[in-house]
Structures are given as C-alpha cells and as structure tokens.
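Quick note, the sequence shown lines up with residues 226 to 350 if you use our numbering.
By construction, the Cβ of each residue, glycine as well, lies at the ideal position given by its N, Cα and C atoms.
The structure presented is a predicted model; accordingly, all values stated were derived computationally and were not measured.
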Amino acid sequence: MPIVMTQPAESLNDAMGMVSIHGRAVLVAMLDPQTDELQLMHVTVPQPDLQVAKPSSDRLTVGEFFHRLGTELMTEFRMKFWKHTAVAHKIPACAAMQSQNTATARCSLPTKGLKPALATAASSR
C-alpha cells in the first residue's frame, strides 16, 4: 500500500493530490508536531456510491484534518478536484510503540552465530 508522507502545515489539497496519483487506497502519515508521534490515516479512492460531499476548504491543513479525525475517527470528504467523495479513517497508534522504552516491546533478533551480510559477501570475493 502506498504511503504519502506529509507535514502538519501542508495543504490538504496538496497531500490529496499526491494520494490521487496512486489511484488506490493510501496511507497518509504525519508526525504530530507536539508529541512527535507517528499518525496514520487510511484514505480510500473516491467512491461513486457515496453521496457527493461539499469540497473541503482550500485552507485546510493536513494537521487540522488529522485533528478532526482524532475526534471523529472516520469521515467522508471530497477535494475540489475529485468528482466523488472518499473516506478517511485514523489508524489508532500502537501503545507499545509510543512508549519511551520501545526496545522491550519489539522482537529481538538472534545475533549469536550470525555473520553480517556485508562481511559475508565481502569475504566471498
């Protein structure tokens, strides 16, 4: 699934323009400027079966849209250059990955007896 990286102050119009390039559902990612937490939303392609929504404001930023999704979790919306309405929903953050000590929450990889791939490739030349 494509991922579109955005900035909080970026225009939602610009971000959704990048979403449109992919022609399929996309994840939109942004770092929260106050907490540095990764925020994700899933955006569908515009759906002809949905009632056509009023276009979003040209001044709406990605940060404001994420904030709105924080209270609604899911919303129908349309950009002025879309014929149909799409759906965006916020993907809840993983609590373990948001903690300050994420090392214990991750799976540790076995290291005993393993040679680094680059060293192995270099020694075989």
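Backbone secondary structure at residue i - three-state DSSP
i    : result
R284 : coil
S245 : helix
L252 : strand
L275 : coil
A234 : coil
E301 : strand
A328 : Reliability of the predicted coordinates at A328 is poor, the pLDDT of 49 falling under 50, and the value obtained from them is presented with this limitation in mind. Three-state DSSP puts A328 in coil, outside helix and strand.
Under 8 Å between C-beta atoms of residue i and residue j
i    : j    : result
P258 : H309 : no
H267 : A313 : yes
V287 : Q232 : yes
L237 : L252 : no
S281 : F306 : no
Residue i versus the options, residue with shortest Cα-Cα distance
i    : options                   : result
K315 : S245, L263 and M304       : L263
M226 : A254, S281, L275 and T260 : A254
M304 : E289, L294 and D283       : D283
A234 : K279, P317 and F291       : F291
M299 : F306, L285 and P317       : P317
Identity of the residues DSSP links to residue i by a beta bridge
i    : result
H371 : Nothing can be reported for residue 371, as the shown portion of the chain is limited to 226 through 350.
M226 : Beta-bridge pairing links M226 to no other residue.
F306 : None, per the DSSP bridge assignment.
A313 : V268 and T300
Same chain only: Cβ atoms within 6 Å of residue i, ignoring 5 sequence neighbours per side
i    : result
V277 : T310
M243 : V229
7 Å CB neighbourhood of residue i in its chain, flanking five on each side removed
i    : result
A240 : V229, T231, V253 and V287
Cutoff 8 Å; reference residue i; Cβ partners in own chain excluding five residues on either side
i    : result
K279 : R303
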